[in-house]
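Participant: Got a structure for you, written out below as structure tokens; questions coming shortly.
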Amino acid sequence: MTEHSTGRSSPRLQDGNRRGNSSSTPSPISDAQMRQFIVDIKGQNDTFLKQQTEILKKLEQNSEDIVALKTENTNLKTRVSVLEEKFVQLDQYSRKDVVIITGLPFNEGELVIQLEHTVVEMINEITNQQFTIKDFVAIHRNGRKMKDNGRPPSVTVKFLRFFDKDLLFTRACVNKRKESYGDVNIHHCLSQGNIAIQRQIEAHNCVKFVRYMGANRFFDVCCKTADGPDFFLNRIQNYEQFIHELNNVN
């Protein structure tokens, strides 16, 4: 009887089927392989934790560096602010004997000796003193042409002694010599730093006027109120101090 007639497969076919089935089934993982796999995972995890720790340390160090830099930056800003204020005060101190006169009539052919005589005569009239040219270090025009607005160039006057300059301002405020020199005004010679401070204070909406006190090199600030009398803030050196004093009043 043939293989087909009996319904049985040949031994060779059965053996082939067994080999085919065994190749499609995954082989089980041994205990040794599992242990090695766990060791590898643990090693990778330890490496990750170590890297994470190093990153956290660097972040912490960077945070400390940032705090240190912020502190250093704040200290530097403070030092710069102090140095700037000292520079402004030193610059102003070098101008303590100097006044600026505006509105003094000017002619194109004006000679220096004529200017000196006019200025000394005017100061003598205001102060009721007998100054001579020897009481001044310098008297000169700040320019030799009329300004575009038709005003004459200003005049710089440097006194030999500070108290003579202070006397001029005191008597000018008391006497108000407008009958002879109505268009003439006398000003302190402010440094650029103090000019900036004065303009900053004047820009505040409660300020009526700012007056520089040459004897002590401070500002007196007249402030207005909505429903009360004006009041003064005295001995102001900078805008920050002005705001602080103003807040204390309010």
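Following our numbering, the numbering of the sequence shown begins with -9 at its first residue and continues without gaps. Ideal placement from N, C-alpha and C gives every residue a C-beta, glycine not left out.
#1: Tell me whether K76, by its Cβ, gets closer than 6 Å to a heavy atom of the ligand HEM.
#2: How would you call V89, buried or exposed, if buried means at least 16 neighbouring beta carbons within 10 angstroms?
#3: Taking 7 Å as the cut-off, decide whether the C-beta atoms of I91 and I176 are in contact.
#4: Where do the ends of the alpha helix (DSSP H) carrying R25 lie?
#5: Whose CA, out of I185, F209, K214 and N237, lies closest to the CA of Q227?
#6: Helix, strand or coil for E117, going by three-state DSSP, please let me know.
#7: Please state whether DSSP places F232 in a helix, a strand or coil.
#8: According to DSSP, is F222 helix, strand or coil?
#9: Rounding to the nearest angstrom, what Cα-Cα distance links L157 and C212 in this structure?
#10: Identify whether M136 lies in helix, strand or coil by the three-state DSSP scheme.
#11: Should L46 go down as buried or exposed, given a rule of 16 or more other Cβ atoms within 10 Å for buried?
#12: A58 to E75, Cα distance in whole Å?
#13: So what does DSSP say about D173, is it helix, strand or coil?
#14: DSSP three-state label for F208, please.
#15: Looking at C-alpha atoms only, which residue of H194, H130 and R207 is the closest neighbour of Y83?
#16: What span of residues does the alpha helix (DSSP H) with A186 cover, start to end?
#17: The beta strand (DSSP E) spanning F126 covers which residue range?
#18: Helix, strand or coil for C213, going by three-state DSSP, please let me know.
#19: Quick one, which of M203, A186 and T215 has its alpha-carbon nearest V197's?
#20: Quick one: grab the DSSP three-state call for K148.
Facilitator: Let me spell this out:
#1: Of ligands this structure carries none, so the ligand HEM is not represented either.
#2: The count along the sequence shown starts at 1 and reaches residue 89 at position 99. Label assigned to V89: buried.
#3: Position 101 of the sequence shown, counting from 1, holds the residue named residue 91. Position 186 of the sequence shown, counting from 1, holds the residue named residue 176. Contact flag set, yes.
#4: As a position in the sequence shown, residue 25 is number 35, starting the count at 1. Taken as a continuous stretch (DSSP letters only), the alpha helix (DSSP H) holding R25 covers D21 to Y83.
#5: Stepping through the sequence shown from its first residue, residue 227 is reached at position 237. It is F209 whose Cα lies nearest to the Cα of Q227.
#6: Sequence index remark: in the sequence shown, residue 117 carries index 127 (1-based). Residue identity check: residue 117 is Thr in the sequence provided, not Glu. Helix.
#7: Here residue 232 refers to the residue found at position 242 of the sequence shown. Looking at F232 - three-state DSSP - the assignment turns out to be helix.
#8: Walking along the sequence shown from the start, residue 222 turns up at place 232. DSSP places F222 in strand when its eight states are reduced to three.
#9: The residue labelled residue 157 in the question sits at position 167 within the sequence shown. The residue labelled residue 212 in the question sits at position 222 within the sequence shown. Near 23 Å, if we compare the C-alpha coordinates of C212 and L157.
#10: Residue mapping note: residue 136 aligns to position 146 of the sequence shown, counting from 1. The answer is coil: DSSP assigns M136 none of H, G, I, E or B.
#11: The sequence position of residue 46 within the sequence shown is 56, counting from 1. The residue in question, L46, is exposed, as its Cβ has fewer than 16 Cβ neighbours within 10 Å.
#12: Working through the sequence shown from its first residue, we reach residue 58 at position 68. Working through the sequence shown from its first residue, we reach residue 75 at position 85. When rounded, the distance between both Cα atoms is 26 Å.
#13: As a first step, residue 173 is located in the sequence shown; it is residue number 183 there, counting from the start. Note: D173 maps to coil in three-state DSSP.
#14: Locating residue 208 in the sequence shown gives position 218, where the first residue counts as 1. F208 falls in the strand class under three-state DSSP.
#15: The count along the sequence shown starts at 1 and reaches residue 83 at position 93. If we check each option's Cα against that of Y83, R207 comes out closest.
#16: Sequence index remark: in the sequence shown, residue 186 carries index 196 (1-based). Looking at the DSSP string, the run of the alpha helix (DSSP H) that includes A186 is Q182 to E192.
#17: As a first step, residue 126 must be located in the sequence shown, where it is residue number 136. That run of the beta strand (DSSP E) goes F126 to R131.
#18: Along the sequence shown, one-based indexing puts residue 213 at 223. Here C213 sits in strand by DSSP.
#19: Looking up residue 197 in the sequence shown gives position 207. Cα-wise, what sits closest to V197 is T215.
#20: As a working note, residue 148 is residue 158 in the sequence shown. Three-state result, K148: strand.
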